[in-house]
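Numbering (this note's numbering), first residue to last: 21 to 237.
Next comes the structure, spelled out in structure tokens:
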């Protein structure tokens, strides 16, 4: 009787399993991922001012009309829950003459760590005005951000979460669709299309220290 044959078959099976595992890993690496315009800004003090640039739409998106109306969505991560009801944001469109808009946040995910209670905060601005944003009819119907997305504009955003935190916060800024979900596009990791690359850079920003406090005492 040949006792070597079962051992040989076992080695073959192991090799086949190994090849199958590698193929599975490659498949996972090539799965779809979301891409979208956003900026991520860390800060440790109680707040910051963000100079947010909306770049001209034609350079970053193919069919703007299909995305409208669009708003700006802010997510502040790791905020102490004791500050939630007091935290505020403000937004001004530079050069528009419109008074800054001031708003509050809604709490989202909650958790506790080392005896402290945290949550993330979400805020969504009014939508950008239509291209014909200067019409009295457009602005009388509802508050909107006077920015022609085709041409782009500069926004000044201030975020105040009331307390500094040595562990730090993260401000994530992105476009929101009409249902308030973030604007995203699916692309393959292995071959990110030029469309996704251009979409990602639709927003850009720089940040400075918060000067005027916004929190409600």
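Here a beta-carbon is modelled for each residue, glycine too, at the ideal position from N, C-alpha and C.
One alpha carbon belongs to residue 79, the other to residue 169, and they sit about 11 Å apart.
Annotated as proximal: residue 141 and residue 128, with beta-carbon spacing under 8 Å. The shortest C-alpha to C-alpha distance from residue 200 to any of 85, 84, 95, 216 is the one to 95. Nearest neighbour of residue 234 by Cα position, chosen from 121, 204, 198, 97, turns out to be 121. The beta carbon of residue 68 sits closer than 8 Å to the beta carbons of 61, 178, 179, 191, 227, 228, 229, 230 from its chain, once the five residues preceding and following it are set aside; these are given in chain order.
By the Cβ neighbour-count rule, residue 93 is buried, with 16 or more other Cβ atoms within 10 Å of its own. Within the same chain, and ignoring the five residues on either side of residue 172 in sequence, the residues whose Cβ sits closer than 6 Å to its Cβ are 74, 75, 76. Here residue 130 is bridged, per DSSP, to 139. With fewer than 16 other beta carbons inside 10 angstroms of its own, residue 221 counts as exposed.
Taking all protein chains in view, the Cβ of residue 130 is surrounded by fewer than 16 other Cβ atoms within 10 Å, so the residue is classified as exposed. Going by beta carbons, residue 65 and residue 184 fall inside the 8 Å limit. Residue 136 counts as exposed, since fewer than 16 other C-beta atoms from the protein chains shown sit within 10 angstroms of its C-beta. Judged by DSSP secondary structure, residue 173 falls within the beta strand (DSSP E) whose first and last residues are 173-180.
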